[in-house]
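Let me begin by presenting the structure, written as structure tokens, before commenting on it.
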Amino acid sequence: MSNLSRSKLWQFSKKIHEEIHFQTQLATGISTKVETIEKYEKNLKSQRRLALLGGLFICYILGVVTILPVMGILQLFSIDITSSNFTAIVFTNSLILSIYNMYILFILFMAGLMNYVTFMRGDYFKLLRPLPLSSRDMTQLTFYVFFRMNAIQLTFILFALPVVGLILTLSPLTFFILLLNNLINLGFIVPVLIIVAWILAQKVFNKAEKSPIGPIITVLTMVVYILTVIPIFFLMSSFYHIINQLFNSTLITGKINQKINFLLSLIPFPFSSNYLTTLVLLLPSGSISFPLTLQSVFGVCILLSFIVVAFRKGSSLIQKLAFEPAIERHKVFSEKDVVIQVKTSTLVVTFMKKTLTMVFRDYGALTLFVLGLLMPLIIFMYSFAMPERYIGSDRGTLWFIITMLVFLVGFQIFILYNSLRLSERNLGGLLSTLPFKERDLFRSKQFIISIACLLPILFFFLLFQEFMTIGMLYALIKIFFVNIITVYVFLILHAFFFGKINNRYTFTIENIENQIRKWIAIFVGLYSIILGYFKLTEIISESILRNWEIGFIILTGMILTSLLELITKRMFV
Amino acid sequence: MELVLIVNNLKKSFGSVKAVDGLSFNVKPGEIYGLLGPNGAGKSTTIKSILGLLEINSGYISVFGDDPIKTPSKVKKNIGYVPEEFSLYESMTVAELLNFVASLRALDPQITSLDADELLKSLNVKKYYDSLIASLSHGNKQKIQIICALLHRPKLLILDEPFSGLDARSSAILKELFQIHINNGGSILFSTHIMEQAQILCTRIGIINQGKMVAEGKFEELQELAQSAGATLEEVFLKLTDQEEVTNGIIANLKRLTGKT
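In the order they appear, the protein sequences are chains A and B. Here this note's numbering is used: position 411 in the first sequence is 411, and no number is missing along the way. Here this note's numbering is used: position 257 in the second sequence is 1257, and no number is missing along the way.
Structure below.
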């Protein structure tokens, strides 16, 4: 079998890379399958640009993180190094570089998780496997695709810090040392990413899809993923604050036990190479510690051996993608012990069960659902991680959270609804052929979204009830009604704009024409209601019914809810 | 005798494309009506319109006297539908899907359990009861679709390419199920590409092309219409849809092509 030229293979790899991007969008995007396909058909170039923008966005995040070691290098070159502060300087700078490398590992993995997992499932090579490509071609093609997926990010990581270091210090030595350090660390990070993505793709997601108990694994993975990836961006500022303090305090007091340096420099990743880098960067100042340098070199040697092992393992896994996986031992099915017992339930419960089952078995939909559910909790975490100067006091923090909850509710509903929508990509299929009342489908969606929105508020209330003032309690009651009302309004407007067919309103068929305009109209409607309700209760309770504020809040909420219920009954028959 | 289904002067366009253009036909009680036509003839659009899944441009449809546009839920109660493309919730197990369909149709759990047991056994998929639908083969998914459509013992079965992907045993059983359904007083409307199936099964056949009814009647009547006594339904079909010459030309070209290699 003849081998293809590298340039030809490189061209092929572009197509596969685009396919991976497309499939990832299908699996995780907010758009339904039909919408995504339509978008691709309309403008392939803009979709390619979108893939590029994705890479650039990760670079932006990486760029923010790069400020961390740049700060370290700046301090390193601006401080007088003496025998008394040498240990402290080595410690702080090595620590900063190590944290930087951990961040890179983390960001690369989290930001690209879906792409990596999609790639490592190997589905895109199915089409190529029967074609007359040699095994060398297939292996090379797989590597090229992997490189295309990461080219922008990896190039950025490799050169960003060395170039900034060169600009700041005008020292080619700094450039080369930092470049070498990045190469060593990336040499470790990349194979680790490949191995973890393989485990996730083959052992978690592939198995989860084939098994009814898969949801548990999927849910756990997704919760960990979202809980880890989102707060990281918010908590970044707090970390900078802590590291800055650490740097200053260690330099002022010089109190770092030498034993810590000796211990850390022996840990191959992420410390050894960063200790060695710091020690080499400090060479021009004339300060050196031979035992520490020797230990770091030893640690780097161990790291290099790890890299060789990880690289071999990673390569073999990538190569595996190019070939048909070994046929799994199929379960032998028997109808002997199968007892057929059809169970029925009320329509609303049936719809809720179906929707939740489908959301929990679709990792794209589940990601959105967990994100929607955790959104307010992320705001809590963010608020408490923020330095006091931004908020002022505990009470200030609580008010900040309450304001954010009001602001978030529309987006939260949007995300939760789209998660349900994403799980029903075959919309208009089976469901639209069955007889049911649209109102029951409405009710099931309403219950799921409302409960998901109200759970974090309940959690918030239970956690902070000691610190609550009466004003805050009123605000939370308002938020409760805002949630109920907003879910009503959202579903009514969505059916009104998207689901009109044969003079009826439905959730099973969507008219996606002019959808941007429709979404804008929905959001304008939502926020008008939210702000209108807040303003109305505020004006009346402050001017007319000061002593009856709580009663008025509840009364207004109930009147609005009843009105919306009436509209629902008329719209959904 | 009240007609089961009436389609009168049905018109449906997608943009400038006329998918169905003034189509009329009806299905009588106890009848198997076959809708034949080349790809893109408008068969699936017609079927979807009957179920009220599409907004039609004009025309009249009645299923047991009910209008699928005005009372879709009532119409769907009487129909069991097997679509051409899979419309199953693949992340559900077979058991979960049957529970879902039974709940939506408000069926009696005990009777439905017995019916489901029988159908699953007959089509040889009982062993997959607790398996995810996504993990089933093409043919087994088709069987599950058929079971879902039969679960409520519908008066009218509408099947779009029901034999696609079925093995010989299941095809034979499905044909038998058709007969049982008819003997129990039911009616069937189905579209197919497999001419032999239509020839054997159908009481009447409607041949449509470019959204219009080209010919309609019993198989013998169609043979007469095509002036091809003794011809198979495939030959009649090609003649009536003006595809005979084109098909013969293509076959001749292919023979030349394969002759070269």
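No residue lacks a Cβ here, since even glycine has one placed at the ideal position from N, Cα and C. Every value quoted in this text rests on a predicted model; they were computed, and no experiment measured them.
For the segment 164-188 of chain A, the set of positions with a beta-carbon nearer than 9 Å to some beta-carbon of chain B is empty. With respect to chain B, the C-beta atom of K343 of chain A has a partner C-beta closer than 9 Å. A residue is called buried once 16 or more other Cβ atoms fall within 10 Å of its Cβ, and P376 of chain A is buried on that count.
Close partners of E335 of chain A in chain B (Cβ separation under 9 Å): L1120, K1121, N1124, V1125, K1126, K1127, Y1128, Y1129. One Cα belongs to S1024 of chain B, the other to L131 of chain A, and the distance between them is close to 48 Å.
Within the same chain, and ignoring the five residues on either side of F86 of chain A in sequence, the residues whose Cβ sits closer than 6 Å to its Cβ are S287.
Judged by DSSP in its simplified three-state form, V1020 of chain B adopts strand. By the C-beta density criterion, I199 of chain A is exposed, having fewer than 16 other C-beta atoms within 10 angstroms. Per DSSP, the beta bridge partners of M1213 of chain B are B:I1208.
Taking F497 of chain A as the centre and dropping the five residues before and after it, the same chain places the C-beta of K518 closer than 6 Å to its C-beta, in chain order.
The three-state reading of DSSP puts G410 of chain A in helix, counting H, G and I together.
If you look at S1013 of chain B, you'll find it in the beta strand (DSSP E) that goes 1005-1014. The segment 348-358 of chain A and the segment 444-452 of chain A touch, with three or more beta-carbon pairs separated by less than 8 Å.
Under the three-state reduction of DSSP, N1026 of chain B is assigned to strand.
V339 of chain A sits in coil when the DSSP states are folded into three classes, being neither helix nor strand. For a cut-off of 8 Å, the C-beta gap from S345 of chain A to S1113 of chain B is around 15 Å, too long to register as a contact. For F147 of chain A, there are no C-beta contacts with chain B under 7 Å, since the nearest C-beta of that chain is about 32 Å from it.
Ranked by Cα distance from I307 of chain A, the first of A:V342, A:I195, A:E335 is A:I195. Interface residue (Cβ-Cβ distance to chain B less than 9 Å): V309 of chain A is not classified as such.
Those residues of the segment 495-507 of chain A placed with their C-beta closer than 7 Å to a C-beta in chain B are I501, N502, ordered along the chain.
The beta-carbon of K1218 of chain B is placed no less than 9 Å from the nearest beta-carbon of chain A.
Assignment of D1167 of chain B by DSSP, reduced to helix, strand and coil, places it in the coil class.
In the structure shown, F1190 of chain B falls within a strand segment according to DSSP collapsed to helix, strand and coil. In its chain, beyond the 5 residues on either side, L68, P69, G72, I243 have a beta carbon closer than 7 Å to the beta carbon of I96 of chain A.
For T433 of chain A, the closest alpha carbon among the candidates B:I1006, B:V1075, B:G1059 is that of B:V1075.
In this structure, B:I1069 is the residue among B:I1069, B:G1065, B:S1044 with its C-alpha nearest to the C-alpha of I1056 of chain B. For R1105 of chain B, the chain A residues whose C-beta falls within less than 8 Å of its own C-beta are L434, P435, listed in chain order. T1112 of chain B belongs to the set of residues whose beta carbon lies under 9 Å from a beta carbon in chain A.
Cβ neighbours of I1079 of chain B within its own chain (closer than 7 Å, five residues either side excluded): L1051, V1063, P1154, L1156, I1158.
Contact between the segment 521-532 of chain A and the segment 405-422 of chain A is established, with three or more Cβ pairs separated by less than 8 Å.
When Cβ-Cβ separations below 9 Å define contact, D1066 of chain B makes no contact with chain A. For a cut-off of 8 Å, the C-beta gap from Y533 of chain A to L560 of chain A is around 7 Å, short enough to register as a contact.
Scanning its chain for C-beta atoms nearer than 7 Å, with the 5 sequence neighbours on each side dropped, one finds around S419 of chain A the residues V359, A365, L368, F369, G372, in chain order.
Chain-ordered, the chain A residues with CB closer than 9 Å to the CB of E1096 of chain B read P212, K353, K354, T357.
Residue environment analysis places N261 of chain A among the buried positions, since at least 16 neighbouring C-beta atoms fall within 10 angstroms of its C-beta. At the C-beta level, L1254 of chain B and L1240 of chain B stay beyond 9 Å of one another.
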